[in-house]
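Visitor: Per the working numbering, the first sequence starts with residue 832, numbered consecutively.
Even for Gly, the Cβ is constructed at its ideal location relative to N, Cα and C.
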Amino acid sequence: MENGIRVRFAPSPTGYLHVGSLRTALYNYLYARKTGGKFILRIEDTDQSRYIEGAVDNLIRTLKRVDLDYDEGPEKAGEFGPYYQSQRTAIYSRYADELIEKGAAYRCFCTAGDLQKMRERQLAENKDTRYDGRCRNLTEEEINKKLANGDPYVIRLQVPTAGEIIFYDLVRDKVTFPWEMVDDQILIKSDGFPTYHLANVVDDHLMQITHVIRGEEWLSSIPKHLFMYEMLGWKPPKMAHLPLILNPDKSKLSKRQGDVAVEDFLNKGFMPETLLNFIALLGWHAKGDRELFSLKELETEFSLKRISKSGAVFDQEKLKWMNGHYLKHLALEKIADRARKYFLEAEYDISDTEKYEKVISFARERVSLLSEIPEQAEMFYREISFNAEDLDMIGQENSQKIFRFWIMELENKDSWNEQEINDLIKKTSAELEIKGKALYFPLRIALFGSGHGPEIWTLYDILGKEEVLKRLKKLV
RNA sequence: GUCCCGUUCGUCUAGUGGUUAGGACUCAGGAUUUUCAUUCCUGCAACAGGGGUUCAACUCCCCUACGGGAUGCCA
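Written as structure tokens, this is what we have:
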């Protein structure tokens, strides 16, 4: 159901995918899926000084890992490419020229040093630090002379100096800015590359973007963007500015205060389902009390109208809880598959698939991260070791009686089912007149090296009769 | 500093003029479980402050406070 809605996720390739960016991507994705529109990925790589090898590949890989599919973008050419801004410089300069012709932009020959000095002076005089517009009034003669001279220059937007601009944001409704406060933004840098502001306006128009959904940090740039749309004679897209995701101290979520890279969360053992579900809730909420949603469910539930206005603290405690939830409720094979790499890292032999899945089914119940699963599984893959206290318990007469009784009984029959093992426990208790903790503790210590852990049957089921017997025999 | 945006339990939030202000995470207690974990139940805990408007404000308006964002030849 093509309805012409087109949204985009336009990250700059910084080398990793920020959690806040993931949410922006998700909301754009959801809005596209919900409305039957298109979701475009565009790479905003116009800052040459920040080029990072492999950053785009990593970005795309991460998007894939969390299952966020785009309809157009790098490696998925549509009719509006190229989708790298660094490959579109000719396009931007054409529109920059058009703005100059229309008197909405001008060449500025001020050097970085000039600007620095200007800023310092403004600061000293306690004035706003803004470009003072000194190059606005250069004569044609002066300009041509500098041009002929090969002086480097930038192109600046010539914004109105008085009045105010009113616009309507889908999240914040009416927003007003006085033009006085808006700077003559640089559109084309002296290296010929555009700044975000120009590139974003040009591309959103050319790529026929209908809705711009992005972080609140862009809100104050809207006047400049809207001015460009107007001067170029274009219809601006609808805007939705998302509340910020915050550190525990309420500042904008940043690297300095912990992990912000989606890759890091994934590698630590958080799962895509968790990340997507949790992050969807940071700034958006369904009508009722429901909080658990799969991606598919979000696609139908999502609505721009229910995006909240205030920032949301990224609470890792709740993230962990939610991951624990998905660990327990997702298909066993899926968890088993994802946990595999952690077992391999721990060098456990998991070639016995049946055993491995039983282990997973036991361990998934008691952890909140994929990476924590192997430590719960140690008793099934490693020889157990005992501390002094354990040894003491093992050496006691009653313990020895229990072990010998079990060895004898176990050897009587080839295989045991759950009922039979439980009956054996009862029988042991009756025959030896040992009960409760005094019975279970020695058994647990002997079989898996701890007073706490799985039920005896669970352990027997996973390890099998031979291994259980072996562990018991070693101790008598 | 200036401009912009925001403000319901510690945190994420529901709420849209009349509610015992609901849910989730965390925390505490209890039940189940021979243990641990799970699960379930119960509890603690919030409308930033002050003015209006109204018969009635968490809900609408204004001010103050606080928080955040922007203020780059970065996005």
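Expressed to the nearest angstrom, what Euclidean distance is found between the alpha-carbon atoms of H1160 and G868?
Guide: 31 Å
Visitor: Around the Cβ of Q1016, are there at least 16 other Cβ atoms within 10 angstroms (buried) or fewer (exposed)?
Guide: buried
Visitor: Report all residues from its chain with a CB closer than 7 Å to the CB of Q1207; omit the five preceding and five following residues, and keep chain order.
Guide: A1194, R1197, V1198
Visitor: What ranges does the alpha helix (DSSP H) occupy inside the segment 931 to 980, keeping only unbroken runs of at least 4 residues that lie completely in it?
Guide: 943 to 955, 971 to 979
Visitor: Distance check for N1154 and N1098, CA to CA, integer angstroms please.
Guide: 13 Å
Visitor: Could you check how far apart the C-beta atoms of L1278 and L1290 are, in whole angstroms? I think they sit under 8 Å.
Guide: Confirmed, about 6 Å.
Visitor: Which class does M1038 belong to by DSSP, given the choice of helix, strand or coil?
Guide: In the three-state scheme derived from DSSP, where H, G and I count as helix and E and B as strand, M1038 is classed as coil.
Visitor: Does DSSP classify T1105 as helix, strand or coil?
Guide: helix
Visitor: Excluding the five sequence neighbours on either side, which residues of its own chain have a C-beta within less than 6 Å of the C-beta of E875, listed in chain order?
Guide: A841, S843, Q916
Visitor: Return helix, strand or coil for K1244, following the three-state DSSP convention.
Guide: coil
Visitor: What's the gap between the Cα of V1006 and the Cα of P1285?
Guide: 59 Å
Visitor: Which partner residues of I1256 appear in the DSSP bridge assignment?
Guide: The partner list for I1256 (beta bridge, DSSP) is empty, contrary to what the question assumes.
Visitor: Rounded to a whole number of angstroms, what is the C-alpha to C-alpha distance between L1084 and Y1157?
Guide: 25 Å
Visitor: Suppose you measure from the CA of Y962 to the CA of L946; what does that come to, to the nearest Å?
Guide: 8 Å
Visitor: Can you tell me which of the three DSSP states L1018 falls into?
Guide: strand
Visitor: Checking the sheet assignment: what are the DSSP bridge partners for P1025?
Guide: I1019
Visitor: So I986 and I1019 are supposed to be a Cβ contact under 8 Å. How far apart are they, rounded?
Guide: Sure, about 4 Å apart at Cβ, within 8 Å.
Visitor: Name the DSSP bridge partner or partners of V985?
Guide: As computed with DSSP, V985 is found in a beta bridge with C939.
Visitor: By alpha-carbon positions, which one of N889, G904, E903 ends up nearest to V897?
Guide: Among N889, G904, E903, the Cα nearest to that of V897 is on N889.
Visitor: With which residues is T1007 paired in a DSSP beta bridge?
Guide: Bridge partners of T1007: I997.
Visitor: Between the segment 1168 to 1186 and the segment 1124 to 1133, are three or more C-beta pairs nearer than 8 Å?
Guide: no
Visitor: Between the alpha carbons of L1107 and R854, how many angstroms are there, rounded?
Guide: 8 Å
Visitor: Using the DSSP secondary-structure output, state which residues sit across from M1062 in a beta bridge.
Guide: Assignment of beta-bridge partners to M1062 by DSSP yields no partner.
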